[in-house]
Amino acid sequence: MSGDTDLDRQPSASDDLVSRSVPVIDLDDNAAVKQIAAACREWGFFQVVNHGVDTDLIDEVWRATRAFFALPVNEKELILRTRENPWGYYNNELTKNQRDKKEVFDYTTDGVDPVYHAENRWPGFDARFRTVMEAYGDACTGLSLRLLQAMCSGLGLTPDYLDRLFDPAHTGFIRLNFYPVQDPLAGREDVECLGVADFGVHHHTDAGALTVLLQDDVSGLQVFNQGFWHDVPPVEGAFVINTGDMMQVWSNDYYQAAIHRVLAMEDVDRYSIPFFYNPGADAAISPLPSVVSGERPVRYRPIAWADFRSRRTDGDYADYGTEVQIAQFWIND
Ligand code: OGA
Ligand code: NI
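Reading the sequence shown from the start, the letters are residues -7 to 325 in this note's numbering.
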């Protein structure tokens, strides 16, 4: 654990010290594909504007998200997630066995999902909630496929090289995040909660291919890069994009799955909405041919996605031991 704690003590990049920052990329720009590839190599993080996702839909998603978290806690806990079925509401999440100061609602594509064999739990307060969230999931899927194609191009592959692993049968999901100033478990004696929630989300990498994140206008998201924690400031109308563990493996470490975290809110509540774009349940992940050579042999053993994903989720839910990480698949030579 000591390595982890050290990471959180690293300095923040203040403007006078470090002028680099996470790039903002215009998807209508002819150079966007090149810029995405560079951002994936240097940061594993970037923001996109002119992404084509309907702003009215985004406004509706924000309204529905705020309305959901404003419900009384007993109503939210009617759709509490369980170890067997991770879909629904949760306020006791762990990242690497440390409790996060947040509430979440997770949902995936309609029907029985192929990793957990479970179905979404929807709140009953407003029938429109589900309709809006499903439409938003579709919009994120379209944008994510475009980004995936840019990332493949950046590795010297045809843009559609990975399409068949995602389209149509991806295992992506959406998380509504609420980071309240008030610890959601403060004063609760009926639930077992582990430790103090001293971050909104403790530092981590996302497990899948890439993440498309909507954040509100409250700062708090930070990415670790070259020894410093950098703020990822809210940019009006932008999505924050980051690469995940599977993209790092496919790219044989050319693209980094960046470590990031969210500070605990002290003054004002924050909301964010990540879409985690993940391959199909039976995908086996290995470095792709264009990034393997004599000088740069394969660095990872194949990873069975569904197994990796479900073992990571177990770590979110309770202290079931060490969370699975891609380092466990390193080939040491
Ligand atoms: C996450 C995450 C960032 C944010 O949920 O994995 O990193 O800004 N969220 O909420
Ligand atoms: Ni994350």
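Note that beta-carbon positions come from the ideal geometry of N, C-alpha and C, so glycine has one too.
Original post:
Within this structure, are the beta carbons of Ile233 and Gln39 separated by less than 8 Å?
Top reply: Residue mapping note: residue 233 aligns to position 241 of the sequence shown, counting from 1. Residue mapping note: residue 39 aligns to position 47 of the sequence shown, counting from 1. In contact: Ile233 and Gln39 (Cβ atoms closer than 8 Å).
**OP:** Less than 8 Å between the CB atoms is what I'm expecting for Val241 and Ile277, so what's the real figure, rounded?
**Re:** Within the sequence shown, the letter at position 249 stands for residue 241. Within the sequence shown, the letter at position 285 stands for residue 277. With a Cβ gap of about 5 Å, Val241 and Ile277 count as contacting.
Original post:
What residue range is occupied by the uninterrupted beta strand (DSSP E) comprising Gln39?
Top reply: Here residue 39 is taken as the residue at index 47 of the sequence shown, counted from 1. Segment 37 to 41, the beta strand (DSSP E) holding Gln39.
Subject >> Among Arg180, Trp35, Asp18, Ile17, the one whose alpha carbon lies nearest that of Gln248 >> reply: In the sequence shown, residue 248 corresponds to position 256, counting from 1. Per the Cα distances, Trp35.
Subject >> Beta carbon nearer than 6 Å to a non-hydrogen atom of the ligand NI >> reply: His196, Asp198, His252
Original post:
What's the call for Pro294, buried or exposed, on a 16-neighbour Cβ count within 10 Å?
Top reply: Within the sequence shown, residue 294 is the residue found at index 302, counting from 1. Classification of Pro294: exposed, given that the 10 Å Cβ count is below 16.
Original post:
To which residues does DSSP link Arg122 through a beta bridge?
Top reply: One-based indexing of the sequence shown puts residue 122 at position 130. Its beta-bridge partners do not exist; DSSP assigns none.
Subject >> Rounded straight-line distance, which links the Cα of Phe158 to that of Arg12 >> reply: Translated into positions along the sequence shown, residue 12 becomes position 20. Translated into positions along the sequence shown, residue 158 becomes position 166. Roughly 33 Å between the two C-alpha positions.
Original post:
Between which two residues does the beta strand (DSSP E) harbouring Trp79 extend?
Top reply: Sequence index remark: in the sequence shown, residue 79 carries index 87 (1-based). Where Trp79 is concerned, there is no enclosing beta strand (DSSP E), given that its DSSP letter is neither H nor E.
Subject >> Local conformation of Ser264 per DSSP, three classes >> reply: Working through the sequence shown from its first residue, we reach residue 264 at position 272. Here Ser264 sits in strand by DSSP.
Original post:
Would you say the beta carbon of Arg167 comes nearer than 7 Å to a heavy atom of the ligand OGA?
Top reply: Translated into positions along the sequence shown, residue 167 becomes position 175. True, at least one ligand heavy atom lies under 7 Å from that Cβ.
Subject >> Residue span of the beta strand (DSSP E) that contains Trp54, given as start and end >> reply: As a first step, residue 54 is located in the sequence shown; it is residue number 62 there, counting from the start. No beta strand (DSSP E) contains Trp54, which is instead part of the alpha helix (DSSP H) from 47 to 61.
Subject >> Buried or exposed (CB count within 10 angstroms, at least 16 for buried), Trp79 >> reply: Start at 1 with the first residue of the sequence shown, and residue 79 comes out as number 87. When all chains shown are included, Trp79 counts as buried.
**OP:** Determine, using beta-carbon pairs with one atom in the segment 39 to 52 and one in the segment 18 to 25, whether at least three such pairs fall under 8 Å.
**Re:** yes
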